[in-house]
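The structure appears below as structure tokens.
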Amino acid sequence: MVALLTTCILSACGSIPNSSSPQPITAFQREAPTNAVPVPQSDMDPESLVRAYLKATADPEEGHRAARKFLTPAASEQWDDRGDMLVVDEVNVFVDQRNEDAVRLRLIGDNVGTLKSNGQLLPATGRVETALTLVRSGDQWRIDGPLPNGTMIDRSQFDATYRSVSLYFTDRSLERLVADPRWLYGGKASEPTELINHLIAGQAADLDGAVDSGFPNGAALRGPVSPLSGGGVRVELTGIGSASVRDRTVLAAQIIWTLDGADIGGPYVINADGGPLIPERASGWQTADVQAFDPTAVPSTDVGLNIIRSGALLKVTDNGTVAVGGPLGTGQAVRSATISADGQRVAAALAHSGAGPRLDLAIGPYGGAMGTVVSGNSITRPSFGPDENTIWAVIDGRPVQWVREESGDSDRLTTVDASSIATVARGPITELQVSPDGVRAALLVGGQVVFAVVSTNAEGAVSLTSPRIAAYNVGNRAVSLDWASPTTLMVARDAVESPVVQLSINGTPAVGLLSGNLSPPVRAVVADQSTVYAGDTRGVLRFGSANGQPDQYWTEVEPAMAPDVIPVLP
10 MVALLTTCIL
20 SACGSIPNSS
30 SPQPITAFQR
40 EAPTNAVPVP
50 QSDMDPESLV
60 RAYLKATADP
70 EEGHRAARKF
80 LTPAASEQWD
90 DRGDMLVVDE
100 VNVFVDQRNE
110 DAVRLRLIGD
120 NVGTLKSNGQ
130 LLPATGRVET
140 ALTLVRSGDQ
150 WRIDGPLPNG
160 TMIDRSQFDA
170 TYRSVSLYFT
180 DRSLERLVAD
190 PRWLYGGKAS
200 EPTELINHLI
210 AGQAADLDGA
220 VDSGFPNGAA
230 LRGPVSPLSG
240 GGVRVELTGI
250 GSASVRDRTV
260 LAAQIIWTLD
270 GADIGGPYVI
280 NADGGPLIPE
290 RASGWQTADV
300 QAFDPTAVPS
310 TDVGLNIIRS
320 GALLKVTDNG
330 TVAVGGPLGT
340 GQAVRSATIS
350 ADGQRVAAAL
360 AHSGAGPRLD
370 LAIGPYGGAM
380 GTVVSGNSIT
390 RPSFGPDENT
400 IWAVIDGRPV
410 QWVREESGDS
420 DRLTTVDASS
430 IATVARGPIT
440 ELQVSPDGVR
450 AALLVGGQVV
460 FAVVSTNAEG
470 AVSLTSPRIA
480 AYNVGNRAVS
490 LDWASPTTLM
500 VARDAVESPV
510 VQLSINGTPA
520 VGLLSGNLSP
530 PVRAVVADQS
540 TVYAGDTRGV
550 LRFGSANGQP
560 DQYWTEVEPA
570 MAPDVIPVLP
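Throughout the sequence shown, residue numbering follows this note's numbering, covering 10 to 579 in sequence.
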């Protein structure tokens with residue numbers, strides 16, 4: 010996988026850090042944090058002690074025992090450290106009152122994230138102000154008086170001591186694994202046990218209507234996850250009961266891919282209620298045994314980059330471009346298009362011929378005849394769901410979902426409830442792209458990037474739920490977006506600085522890709538796990554990797570270098 014999955018660094022809300030040499034996301038590292046948690050020192054003045062206290066809150070062990078060392082006994086007894094942790098950047102300390110034995114001061118900073126008690130990081134914005142009183146305790150200062158509930162941490166310490174890891178649950182079909190990112194403290198020696206306990210506890214609340222789990226109610230770990238002498242780990246479970254072989258296989262896949270993604274290698278010996286989870290795997294599982302659930306797998310296809318030029322869909326080859334078969338390649342009606350991940354089907358917004366609505370949403374085999382599904386005066390670029398049989402678009406401001414039944418004999422078009430979106434962003438929905446696993450949607454709403462969850466209720470009705478601003482440092486000038494993977498989004502902005510940015514679903518702010526030889530405005534962006542294509546004022550440019558190393562600049566795609574050309578990828 011290319012170096013596009015960048016380690017995102019929490020930053021101030023108003024800026025987008027540039028990443029001139031993107032690197033893969035760092036796996037969960039089983040080692041002590043690089044920035045040790047401080048302890049009170051006799052030479053600390055009040056300001057230094059408060060800053061050290063903020064760093065010490067990184068360690069959650071024993072009820073934040075490390076941070077409590079900076080408090081008086083009375084303040085420690087009163088402090089309720091449970092609940093959310095605020096990640097604060099650009100912290101300033103202002104002294105309001107001072108005498109020889111007491112100091113009253115204020116902490117002011119930018120809130121850039123909220124870490125929930127389950128390890129989920131949510132983007133945040135706004136100023137944080139907290140008043141603190143310090144008193145002398147012997148020859149040292151200590152924080153005294155009431156403290157707000159929860160914790161607050163300096164952003165740089167968060168970066169140094171917390172690591173992002175994905176728990177894996179399944180979609181409702183029990184066929185695909187879905188990432189649920191969490192941030193865990195890197196100083197623990199028992200992270201495999203912590204990971205499995207989080208997995209058993211279940212998905213983050215926002216995913217309740219979209220994912221499932223192979224763990225039945227009442228499941229638990231029987232003792233810590235233990236290392237095997239020759240490598241690998243042993244997981245002892247209880248409460249699995251009479252779960253079916255299918256559910257047990259799903260459960261194993263969740264465990265294996267969660268641990269593998271955290272750089273905890275196999276074999277994985279998984280026992281349940283005193284015996285092997287599945288007898289045939291008594292000696293241990295490997296990732297190959299659950300390859301069908303690989304969350305990073307991409308369907309194989311020889312359909313590469315396509316472009317829309319003068320209303321026609323063309324395939325880019327080594328020698329130039331060739332018209333895609335069927336009406337899309339020979340006409341002039343294509344306004345936007347998307348190709349399924351396996352390269353088998355295409356969905357397009359086409360200029361409507363004759364009176365009535367201006368556009369048609371058409372679907373058909375790649376290179377074949379197209380059939381109109383619905384018409385409207387505005388149709389956003391279509392998006393495939395997790396397979397070629399589900400397509401999304403926004404028709405005249407209303408998100409719709411088209412589903413082709415498995416028999417292939419019928420299809421249905423339904424309007425999706427998106428009323429929740431207006432609670433976080435207002436304006437027209439100009440783009441809607443569903444993630445490759447089918448569980449999340451990224452939308453452009455009034456130029457802002459919004460994440461939402463694709464939820465299904467007991468009656469089968471689909472809605473977009475739990476919306477949130479994807480990152481507060483993107484602003485409201487986004488014009489195009491595309492999923493590079495189920496966890497990473499690329500966004501094009503109408504901006505001179507950082508016109509193409511990368512977003513993770515793990516709660517961190519956007520990071521700008523190299524932009525030196527792009528010619529803004531960038532109008533379109535498409536991506537896969539190895540390459541990003543952007544359409545600027547000159548044509549289409551490529552950013553990816555060569556010989557395993559990240560590119561240092563955007564490369565022109567020569568057959569696609571013409572104004573108004575739009576890139577299209579499976």
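Each residue gets a CB set at the ideal place from its N, CA and C atoms; glycine is no exception.
CA-to-CA distance, residue j to residue i, given in whole angstroms
i	j	result
residue 357	residue 320	11 Å
residue 189	residue 206	14 Å
residue 42	residue 192	With a pLDDT of 48 at residue 42, under the threshold of 50, the predicted position of this residue should be treated as unreliable, though the coordinate-derived value follows. Rounded to the nearest angstrom, the two C-alpha atoms are 13 Å apart.
residue 36	residue 46	Low confidence applies here, because residue 36 scores a pLDDT of 32, under 50, leaving its location unreliable; read the following figure in that light. Residue 36 and residue 46: Cα-Cα distance of roughly 21 Å.
residue 165	residue 95	13 Å
residue 507	residue 501	9 Å
residue 235	residue 70	20 Å
residue 9	residue 376	Examination of residue 9 is not possible in this model, given that the chain is present from 10 through 579 alone.
residue 438	residue 419	28 Å
residue 544	residue 578	13 Å
residue 133	residue 365	44 Å
residue 282	residue 246	6 Å
residue 337	residue 373	10 Å
residue 403	residue 160	41 Å
residue 559	residue 521	14 Å
residue 497	residue 273	22 Å
residue 562	residue 552	7 Å
residue 31	residue 491	The pLDDT assigned to residue 31 is 40, lower than 50, so where the model puts this residue is not dependable, and the model offers no usable value.
residue 425	residue 392	14 Å
residue 458	residue 74	39 Å
residue 187	residue 213	12 Å
residue 489	residue 534	6 Å
residue 211	residue 379	42 Å
residue 421	residue 411	6 Å
Residue j beta carbon less than 8 Å from that of residue i
i	j	result
residue 325	residue 317	no
residue 550	residue 567	no
residue 229	residue 248	yes
residue 408	residue 473	yes
residue 495	residue 445	yes
residue 369	residue 387	no
residue 447	residue 180	yes
residue 78	residue 48	yes
Presumed contact (8 Å Cβ cut-off) between residue i and residue j, rounded CB distance
i	j	result
residue 400	residue 460	With a Cβ gap of about 20 Å, residue 400 and residue 460 do not count as contacting.
residue 138	residue 117	5 Å
residue 97	residue 162	7 Å
residue 66	residue 113	With a Cβ gap of about 20 Å, residue 66 and residue 113 do not count as contacting.
residue 177	residue 267	5 Å
residue 225	residue 252	6 Å
residue 397	residue 428	Contact flag wrong, Cβ pair sits at about 29 Å.
residue 482	residue 519	6 Å
Classification of residue i by the beta-carbon crowding that lies within 10 angstroms, buried from 16 upward
i	result
residue 33	With a pLDDT of 32 at residue 33, under the threshold of 50, the modelled position of that residue is not reliable, and no figure is offered here.
residue 288	exposed
residue 104	exposed
residue 575	buried
residue 237	exposed
residue 72	exposed
residue 222	buried
residue 454	buried
residue 570	exposed
residue 40	Note that residue 40 scores a pLDDT of 42, beneath 50, so its modelled location is shaky and nothing firm can be said.
residue 215	buried
residue 51	exposed
residue 11	A caution first: residue 11 carries a pLDDT of 36, below 50, which makes its placement in the model unreliable, though a value can still be read off. Label assigned to residue 11: buried.
The ligand GTP heavy atom lying under 7 Å from the CB of residue i
i	result
residue 383	The ligand content of the structure shown is nil, which means the ligand GTP is not present either.
Short CB-CB distance (under 8 Å) between residue i and chain D
i	result
residue 558	You won't find chain D in this structure, because it holds only one protein chain.
Counting pairs of Cβ atoms below 8 Å between the stretch 277–297 and the stretch 234–248, do you hit three or more?
-> yes
At least 3 beta-carbon pairs within less than 8 Å: the stretch 323–342 vs the stretch 350–369 | yes
Is the stretch 420–438 touching the stretch 166–178 in the sense that three or more CB pairs, one from each, lie closer than 8 Å?
-> no
Meets three-Cβ-pair contact criterion under 8 Å: the stretch 461–469 and the stretch 119–135 | no
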